[in-house]
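One structure below.
Encoded structure:
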């Protein structure tokens, strides 16, 4: 079995019918809807009846009979109503295969119909009658009361009294035999003789079915499956929980559905052919022709038994299903690397109902699932060149035929399931010195002995020797017949082309012209030949003499009898070509010859008009589409790369309802629409081989073998594919309901609610790509949005008017009562006026709202900004002037105490000397200064409490802002605030107990500037240079006294972060002694990080390294980070010793936050100047905790770590 052909998901499926021919499938649902599909899942028609569908039957013509509690109705295959009859609730309906006779059984009546007209009605008292009609329409039987009523020619023929209650009833296709079952009996009625026979099984019969000829009966009990043949028990198999059954036409296969959702296909002896799993227990199932149709309550699945026929049309019948999203890209789903000799095909090799990919690489065969994942891999340990699937033993599971390179006239058949290998040798062919091979292409039971024969071509190289078609016995390998030919054989068609019930073989040929004078097997005349299944020549049509080649396919493209043979002729020199159509008897219907070659293409309904077209390639580089009468409909120039090796496939791969053309040209793959426009293309590394297949979901998959094995598809759904008509109807109803609710809300003045529902409706119609509804709903959304916008503008105007009035009152209050001009209120008032002006104009405008708003608001906003920012603009102009004159983007803020007052000055760092430094005097009494310092210490004490866990973050942050505001307002002159515009700020201060970095004006100075302090000293800086031998290096000193476990954690975090960027030396605990640290200081590090105690110096394991010692030992220009108590002397020592910068903490903080901010500072130092690096580190942590507030930097903030 080749796996799922497709799944259509529904809701509440209640009935299933498959036409005898297998061409039509019908299902009915609980909601009264019915759907008609073809074999491949294409929806042909649908409709609904007033009540739930309880039974239905479909004829080979596609006509449908539907029964419900409201009566029964006839429909065409398109779902259109023919006639309808009201009645009591119907239990079952049945119809002959040609649709001419039918039966409907209601609670009180039996209705016999001829065509679609009721011709007989029988009233019965049984409330639950049921029945069936023979396939040929000669007999209708129904169980009612204690009788079985049989009708012929539209009238009651005879009734049979059955003593026990009949629960199951079936009629053979010729109407000669009725099979029934009671609670424990199975019985038969011979309708010609009237004889009744029965057999008591002694077991309760749960389900029952019969083969179409009535000879085979299959029934289930609580824990058995019993197989009857001509009234006798054939086998009894232990199977429990059976819920439904179906038999193949010859009764050799049974489909057994179980309550746990599993389904088995078995033979009478219990051999398991295949097993499938479904999401729920099957509701109904039917085997018809080569297909198994299975319904659960929510889905239909059609499984194709391994296809024994072959038409070579290159039309992949299973379409992709339409699904959401309707538009999605065709893209690579997965790919796998493969070896250069790889080959593949797709089939259900293990009988699980799922299509697998069979991949040959070297001597191995691999089974892959739809995702490219490995299922099984086996090494055959023999070199082979070809593999292809053929059901050689007739069990409907394909075996793998393995071919070998010439001169081997042998092949093997490998059974994947039992891992057996059967070899076939042809010693008679090996006596000839020429190379060649025997290539199987099908298996069929040509002599009706119950055993299939393998049919193969005999191919030879360019020598004068026999070629042809052979059939050999599957078991013994003996040749049963041999059809001899001179030219090479191209087997193309294995099908019943004339409709006589027997399979024919139609082959093309290639004429090598090596032995044109050979009397027995001349090889210079190409032809098309039809053979019977037993090797007799039925007809032969010559293509002429020369190096000609003919390839054929078969399809019913004309209205003539049977299938037509479509042929493509070409020549080795590409100077001759022929396109032709033959009848099933080998007569020309249409043909034409040209002076260029016509290469094989494909056949299918390209444009969806119901007529099949022929797609052909030619040596001029064109791809052309022809009507069935060979009139050219369209063509497109592809290029000279088209050869006889190019391939064409036809399939609706995107699910839009029309077919696409897949074109393979050397390394290129193209997808063309029905108008031959290229909609997708891709170039591969190597020549390609492709296969279309269906795995699951809604969309088909295109497999491409090149340098890799690729899978391409559209975006797909998981699980069974929802039927698009149901999806579309459901979404349309939902969207329409949203639109209706929106209109109702609009009428009620609930405009926002209305827009919400309109938008929901629009989302649905966008998904459905319903342009008419999209335009309609979009217009309504625009209309509602305009109303909402005008209302919002009105409310905004009113709010701003009231707000500005309130601001005027506040400003006047401060001016009159407090003699103070409230700048903040003034700024807000001025900035709101342009918006008020713009909104008022927009309210009265009829459109182009944005331009109207900008026209009025923008100019007035500029004026307002100039007024509000007049002082800042002035300060910015001064800053710009200083930059243009050589400013280094750094200001020096000096706050020096002298004689009871403070001198505050700001100086820019310029390239030239400025002879005058502007300053201001801040007069503070000694008492006032003490009060300020006392207040600062009190507020800063809150920071200690925060780090001790005794106060909240929000409270501590508030205290910091209050502290910073006090410092700023008392020490920074008002006019200085406008000129403090720089990236870096260097502090020259004397009161080191004041946290100058925390000054607050709109924001903390610490996160506004790259801020640092400068130490004033009479000593010279003594930099001890060193020679760098590698990259950057860092030294980490961790808790020398081993009593700060948090310091150890801090250093571990810093170590991990720095190690990713540079070489790091970590000195921990007692190893951090005076001698070791002195030695390390002398080695020249770029970063020194110390986490431990600071007590007049660095507290090490065996003593304190004093500031003087630090200054003496330090080498190079490191950035130093000391997480300990604040120490001005230690900072001075490191800086005088040559350190680039020193970062200390006001409070010792040893936790993850301290480590992270230090590590962030180091990271930023590798990218930015060190002042900016610390500012960024502070800014990154300002919302996390308050560690940033404890950091103090000394040094030039504009320097960068080299």
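Numbering (the numbering used here), first residue to last: 52 to 1253. Quick reminder that beta carbons are idealized off the backbone N, C-alpha and C, glycines included. The model shown is predicted, which means the values in this text are computed figures rather than measured ones.
Span separating the alpha-carbon of residue i from that of residue j
i, j, result
"residue 683", "residue 335", "46 Å"
"residue 374", "residue 92", "14 Å"
"residue 1108", "residue 1207", "9 Å"
"residue 709", "residue 774", "17 Å"
"residue 722", "residue 364", "17 Å"
"residue 1183", "residue 905", "57 Å"
"residue 323", "residue 315", "7 Å"
"residue 1077", "residue 1167", "6 Å"
"residue 232", "residue 216", "9 Å"
"residue 902", "residue 911", "14 Å"
"residue 543", "residue 650", "14 Å"
"residue 532", "residue 251", "49 Å"
"residue 57", "residue 487", "Confidence at residue 57 is low in this model, with a pLDDT of 45, below 50, so the placement of that residue is unreliable and no value is reported for it."
"residue 55", "residue 330", "Confidence is the limiting factor: at residue 55 the pLDDT is only 40, short of 50, which leaves the residue's position unreliable, though a coordinate-based value still follows. One C-alpha to the other measures close to 14 Å."
"residue 279", "residue 228", "14 Å"
"residue 239", "residue 94", "38 Å"
"residue 1251", "residue 802", "60 Å"
"residue 847", "residue 1053", "28 Å"
"residue 1236", "residue 1128", "32 Å"
"residue 405", "residue 326", "10 Å"
"residue 167", "residue 125", "7 Å"
"residue 860", "residue 920", "22 Å"
"residue 604", "residue 618", "7 Å"
"residue 627", "residue 471", "47 Å"
Opposing strand residues paired with residue i [DSSP bridges]
i, result
"residue 1054", "Beta-bridge pairing links residue 1054 to no other residue."
"residue 521", "507, 533"
"residue 835", "BP columns for residue 835 are empty, so no partner."
"residue 1241", "Bridge partners of residue 1241: none, in fact."
"residue 146", "153"
"residue 1150", "1155"
Distance between beta carbons of residue j and residue i, contact taken as under 8 Å
i, j, result
"residue 98", "residue 130", "4 Å"
"residue 148", "residue 186", "4 Å"
"residue 1123", "residue 1151", "5 Å"
Pick from the options that is closest to residue i, judged by C-alpha positions
i, options, result
"residue 1045", "263, 528, 1011", "1011"
"residue 367", "534, 912, 744", "744"
"residue 90", "79, 102, 113", "113"
"residue 576", "250, 474, 539, 815", "539"
"residue 535", "545, 548, 509, 196", "509"
"residue 747", "289, 350, 1169", "350"
"residue 263", "288, 279, 224", "224"
"residue 834", "812, 797, 857, 850", "797"
"residue 446", "321, 424, 273", "321"
"residue 165", "141, 176, 142, 190", "190"
CB of residue i within 8 Å of CB of residue j, strictly
i, j, result
"residue 560", "residue 541", "yes"
"residue 1035", "residue 1048", "no"
"residue 431", "residue 760", "no"
"residue 440", "residue 393", "no"
"residue 1221", "residue 1192", "yes"
"residue 160", "residue 138", "yes"
"residue 892", "residue 873", "no"
"residue 258", "residue 271", "yes"
"residue 128", "residue 76", "no"
"residue 754", "residue 762", "yes"
"residue 751", "residue 408", "no"
"residue 957", "residue 946", "no"
"residue 1132", "residue 1164", "yes"
Below-8 Å beta-carbon distance, residue i vs any chain C residue
i, result
"residue 1170", "Going by chain labels, chain C is absent from the structure shown, which holds only one protein chain."
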